[in-house]
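A quick write-up on the structure given underneath.
Protein chains: 4
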Amino acid sequence: MIKAGIIGATGYAGAELVRILSGHPECEIAAISSVSFEGKAISEVYPAYYGLNDMVCEDADSVVEKSDVIFAALPHGLSQELAQRCFDLGKIFIDLGADFRLENEDDYKQWYGGSYVNKELHQNSVYALPELFRKNIAGKKTIANPGCYTTGVPLALAPAIAGGFVELKGIIADCKSGVTGSGRGLTQGTHYPDLNEGFHAYKVAAHRHTPEIEQTLSHLAGQKVKLTFVPHLLPINRGILSTCYARLKPGVTKEQLRKAYEEFYKDEYFVRLLPEGMTADIHNIKYSNFCDVSIYTDERTSTFIAISAIDNMVKGAAGQAVQNMNIVFGLDEKCGLEFIPPAF
Amino acid sequence: MIKAGIIGATGYAGAELVRILSGHPECEIAAISSVSFEGKAISEVYPAYYGLNDMVCEDADSVVEKSDVIFAALPHGLSQELAQRCFDLGKIFIDLGADFRLENEDDYKQWYGGSYVNKELHQNSVYALPELFRKNIAGKKTIANPGCYTTGVPLALAPAIAGGFVELKGIIADCKSGVTGSGRGLTQGTHYPDLNEGFHAYKVAAHRHTPEIEQTLSHLAGQKVKLTFVPHLLPINRGILSTCYARLKPGVTKEQLRKAYEEFYKDEYFVRLLPEGMTADIHNIKYSNFCDVSIYTDERTSTFIAISAIDNMVKGAAGQAVQNMNIVFGLDEKCGLEFIPPAF
Amino acid sequence: MIKAGIIGATGYAGAELVRILSGHPECEIAAISSVSFEGKAISEVYPAYYGLNDMVCEDADSVVEKSDVIFAALPHGLSQELAQRCFDLGKIFIDLGADFRLENEDDYKQWYGGSYVNKELHQNSVYALPELFRKNIAGKKTIANPGCYTTGVPLALAPAIAGGFVELKGIIADCKSGVTGSGRGLTQGTHYPDLNEGFHAYKVAAHRHTPEIEQTLSHLAGQKVKLTFVPHLLPINRGILSTCYARLKPGVTKEQLRKAYEEFYKDEYFVRLLPEGMTADIHNIKYSNFCDVSIYTDERTSTFIAISAIDNMVKGAAGQAVQNMNIVFGLDEKCGLEFIPPAF
Amino acid sequence: MIKAGIIGATGYAGAELVRILSGHPECEIAAISSVSFEGKAISEVYPAYYGLNDMVCEDADSVVEKSDVIFAALPHGLSQELAQRCFDLGKIFIDLGADFRLENEDDYKQWYGGSYVNKELHQNSVYALPELFRKNIAGKKTIANPGCYTTGVPLALAPAIAGGFVELKGIIADCKSGVTGSGRGLTQGTHYPDLNEGFHAYKVAAHRHTPEIEQTLSHLAGQKVKLTFVPHLLPINRGILSTCYARLKPGVTKEQLRKAYEEFYKDEYFVRLLPEGMTADIHNIKYSNFCDVSIYTDERTSTFIAISAIDNMVKGAAGQAVQNMNIVFGLDEKCGLEFIPPAF
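Just so you know, the protein sequences line up as chains A, B, C and D, in that order. So the first sequence is numbered by my numbering: it starts at 12 and just counts up by one. So the second sequence is numbered by my numbering: it starts at 12 and just counts up by one. So the third sequence is numbered by my numbering: it starts at 12 and just counts up by one. So the fourth sequence is numbered by my numbering: it starts at 12 and just counts up by one.
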């Protein structure tokens, strides 16, 4: 059994890791930590786990010591030192935060305001979006788990961009996220009466996930891509729907695009390319690691539209982190992640 | 007192008209009708009105007879004959349906599958989006009240398009609507467990409001405009948020746009142009006739973003219809519509 | 025009007072105050009011000075000194908090932990639930506005208890409240993802409204009444449904009870006694000052069941406070409160 | 592998059985049927299952033929003939409907309007609420799976009644159910805008689950028990909270009750008796087979209060049916049911 540790277990992503790893057949949770709740049981913070997982939160050092693989679900800026320590101890470090996601340190400085302490460690890390960069992951010790929007948008657009079917200028991602994406911390905007029966955009064209999405799209395109990214907050708990728009290149047909998508995702268990007539819906992927994708062409305006739906807490965070653990440890990528989304 | 009649009073738009007109100081409801509930009280259908408005639904003929102004909230195709009758009787007809909205009969044929019975009647009708076409409304007998998306999207974009600040190619409207927009009729998609905690697009680039939006934008631009329009369904009762994207023309600045918007809407009571730092939110306009607009420029990608929020049942239907009635009857345009949106 | 002031205007009850008084034809808001937001506009706190009410929050002294009637929406313990000051100045003080609600100081000590500074002021105050104690209100300067549960439960049970139809032992009130009842302050329990798709009881048989409800029921019964009161938190914004149970006295019939209820409420505009076949529903009274009541007898178990629905922010707080202002100033009790609840 | 068949697979309970059995390690789904969707894939009805379970709905005969155990999730009245056929073929029949739940045929006639075709079959069937009647289940071929309310209320009250701690007269169950309890069929009451932001009771003291709850409580008490049962509809998808009230017998203490509950449930994996300070919440048991119970005594009124929370679709339907299958087939009762409830 792989011994897994979770640092930051009482945040939402950490708590979801606890849930998913509890059902993983090849892995056991060795230790969990939390700065805010050290000494308290995870089930005091999340009574849903009462009697099922009552592990007590320790400190980060204990987690590192007891574990083969360390998941860190921390605010950005706190992972670099931990990653270094794990690397030095020969342990796998899977970072659900942003510290290792951006290849270009300048982007990190601009959007997050920090710097890279050990550039070599960053160079040895891998940006682990398995469906797009699987071959880079195996053998790595420092795993940068993508963010939520940064999983949903690229999976919607990848075959169109990689195949050269759309213009690289003018790409737009209009995304709508459930509120768990904002975390467990209290804010006025996530106070129930303020959010309920409302809907709005936030950080319009100014969200930190922008450079990370652009990095992935640029790798797919083989050249620098910029996009306009506008996230919105949905009054639901889970899920992200990404509606992405790109100008079709002249002569590209609907049939070409469908064929390209089918080919691109034909071996991807966790991406469900929906047939014509079905539309990606957050309703259908909640509590699962699936990414549903539906595609459209608006011939009136020569616009390609790709929509993806993921559970921001699973494929957009904890589930993908477990998928990456499976890859690193040579397990079946689906191991512990095959739960069917509930129908309602 | 103006005598108002409502045909189709038991649909959502009709019921909202009942509510709004009940509080209008210069108007009284003379009669209401409903095909499905003839002979029943409106308060049997909507118990919220019990004891406050228990009017019994009659037939359409009675409504026409008893009223000075007839509001029709009917499925498309049913208004033309009624409008003709009202016109012949010299009565005002305000159509909340689609039969008089499209100037080009071909568009109507293509998107709705019908034809124009009396072309002259159509030529004498007016497309009544007051903030954009106010001067055309007074003196008209046949009033085409705009639809919901077709109010929200043009009000978001009008100053940018009218002022020539954005490219007319590649405009995108990504809209999210509360579920009352789908009406009172039962469908699987609006069954509570199917919609709740879900979110999806529908009629992607194929919604009937497309030609109506394009008609308005074309008038503003002085030339034919096409756009890509993708509506989504929100798990909330009311409200539409329209996030609209357009390419900035070279050299256009953020400041120019703000000034243009301020100028364009400076006398418009029902459009609240929000200052920088505030974002249009459905939460803030529910149950009111206001349209909140917030604007952004993404300089990284030369993209202009305008977001509007309206209550689809008020500014997007019944409220705007009353606003049009006020104009036609020479009342203060705000009369009976000055309710402040609740804060929660 | 009556000059009204609101102390604590940025809490939910205060903000709702702003909304309701803005539409009151005989009253204008002279000043508002807020400790947390002094110097800020109410519309910065509640952007729904932007452009419609941008009054700046002053301090409590200014409000008292500028107003004929002072509404205080404050945490308990803060109203006594203010009430005294208003009394000394000959101004009307309407307290939406708990400081003047309990006649028995011991109850106040036990449940709130405070004491009565000026007992005479308390004796001159009035507990102002108009439908039950209207005749006591006129002429008073210090008005204790009832709480939310303490409005809903007595209005459900009053005719049955006053008429002697039910046993006074064993009365149960199982209440379910929308989340605005918990106020604007952030708590983990009102964080969107924690509350959404959940439902639970709180302060089981230990809520501070217990002695207040018992006080009212005891007045109605003419003897000391105790009840079991269990509140629950609903994942909706507004409204309280109170399902109340009492043992029928031997021989009492369903018909007797209905007649008693009809008689008791026949002149009460704001209480809608629903006919058989209709059931009180929060859906039907939202954003209004109405209290819907439906009654049932379970003959199998000789149990009487009365259910009331109110909007906790209107009839349970700000609306009732305005109703009380109307009474004190000799206006029509309905003045400014006749808004029909929206049907959806 | 046990071969399981599901008759009525496209209703909510049937679809939930599909989901749960898909993850069961000792069982495979052999066939499914649906009257409404015969010939269609279950994933056409529930796109959440797309690509994961695309089984095509057959007719009931095929299901019976191919399966060792037949689950029937049908409207009442349709199971008796099927049960007979399975019995004759020596196959296990687990009925999620009401046809075999009531021991007294008169109750069935009164509340459901049908009769028992083969009384012997009914006598050989078992009412299978495992935590209360486990020892009766093994060896039976016809299994009556309890309803949702009829699981939640008895599990809340069982130790208090079985131990003789409370009066048997005057028991009240005030229950609140998520809307999936109303099924997949469309009704005005479950139309999104009608239910959302509302809350109401229904079938007040007249719900068909009343005699079934009374039957269970009577077994526990050793004498006939009647109760007052009032269900309410929550605007959430899943879960039932049952708040139950009973008069304490003289001298009974809080400590006695806690001890009795601890003893009663000490070996029950699926019942989580919560310690003082924790309150049963639908939020914490969603998508799981757990029943959380919290207990209280109101000493002021000598009232005992027990609250249970279950997922109506799992412990209240499909999960409990699988639990019963496990018992009948001699598997670990938890097999395939150990999923931890998500924390949000």
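Backbone N, C-alpha and C define an ideal beta-carbon position, used for all residues, glycine too.
Does chain B have any CB closer than 8 Å to the CB of residue i?
i: N5(C); result: Within the shown structure, residues of chain C are numbered from 12 to 355, placing residue 5(C) beyond reach of any answer.
i: P165(A); result: no
i: S45(C); result: no
i: I18(C); result: no
i: A26(C); result: yes
Take the Cβ of residue i as the centre, count every other Cβ of all protein chains shown within 10 Å, and call the residue buried at 16 or more, exposed below.
i: P352(A); result: buried
i: Q199(A); result: exposed
i: V74(C); result: buried
i: L100(A); result: exposed
i: D303(B); result: buried
i: K151(A); result: buried
i: T239(C); result: buried
i: K51(B); result: exposed
i: Q226(C); result: buried
Spell out whether any CB of chain C is found under 8 Å from the CB atom of residue i.
i: P10(A); result: This structure gives no information on residue 10(A), because the portion of chain A shown stretches from 12 to 355.
i: N64(B); result: yes
i: A59(D); result: no
i: K235(D); result: no
i: I172(D); result: no
i: Y23(B); result: yes
i: G34(B); result: yes
Can you give me the Cβ contacts of residue i inside the same chain, cut-off strictly under 7 Å, excluding the 5 residues immediately before and after it?
i: M12(B); result: E37, C38 and E39
i: L85(A); result: I18, G19 and G108
Once the 5 residues before and after residue i are set aside, which same chain residues still bring their CB inside 6 Å of it?
i: S33(A); result: N64
i: D118(D); result: P222
i: H243(C); result: K187 and A212
i: S54(D); result: Y60, Y61 and D65
i: K265(D); result: T308
Quick check on this structure: which residue in the options has the alpha carbon closest to the alpha carbon of residue i?
i: E142(D); options: K265(D), D118(D), L168(D) and P86(D); result: L168(D)
i: G288(C); options: H35(D), G174(D) and Y213(D); result: Y213(D)
i: E349(B); options: A15(C), H35(C) and A332(C); result: H35(C)
i: Y307(D); options: K14(D), P157(D), P286(D) and Y60(D); result: P286(D)
i: L89(B); options: D79(B), V80(B) and L107(B); result: L107(B)
i: V282(A); options: A41(D), G62(D) and E344(D); result: G62(D)
i: K235(C); options: I172(C), A83(C) and D343(C); result: I172(C)
i: A10(B); options: C346(B), A320(B) and H133(B); result: What the structure shows of chain B is the stretch from 12 to 355, and residue 10(B) is not part of that stretch, so it cannot be assessed.
Taking 7 Å as the line, does the beta carbon of residue i fall inside it for any heavy atom of the ligand ZN?
i: Y276(B); result: Absence of the ligand ZN is noted for the structure shown, with no ligands found whatsoever.
If we define contact as Cβ-Cβ less than 8 Å, is residue i a contact residue for chain D?
i: G288(C); result: no
i: K120(C); result: no
i: G181(C); result: yes
i: G232(C); result: A small fix is needed here, since residue 232(C) is Ala in this sequence, not Gly. Judged by the 8 Å Cβ criterion, A232(C) is not in contact with chain D.
Do we get a CB-CB distance below 8 Å when we pair residue i with the residues of chain A?
i: N337(D); result: no
i: F355(B); result: yes
i: F350(D); result: yes
- [ ] Below 9 Å between beta carbons is the criterion; list the residues of the region 198-216 of chain C that meet it against any residue of chain B, in chain order.
- [x] Near chain B, meaning a CB-to-CB distance below 9 Å, the residues of the region 198-216 of chain C are N207 and E208.
When Cβ atoms are compared, which residues of the region 186-197 of chain D fall closer than 8 Å to chain A? Of all residues in the region 186-197 of chain D, only T191 come within less than 8 Å of chain A when Cβ atoms are compared, listed by chain position.
**OP:** Could you please tell me which residues of the region 307-333 of chain A, in chain order, have their CB closer than 7 Å to any CB of chain B?
**Re:** Those would be Y307, D309, R311, T312, T314, I316 and I318, in chain order.
Chain D contacts made by the region 239-273 of chain C, where a contact means CB separation under 8 Å:
Considering only beta carbons, the part of the region 239-273 of chain C lying closer than 8 Å to chain D consists of T239, V241, H243, L245, P246, I247, N248, R249, G250, L252, T254, Y256 and R258, in chain order.
Practice item. Output, in sequence order along the chain, the residues in the region 288-302 of chain D whose CB is closer than 9 Å to any CB in chain C. Key: Residues T290, A291, D292, I293, H294, N295 and K297.
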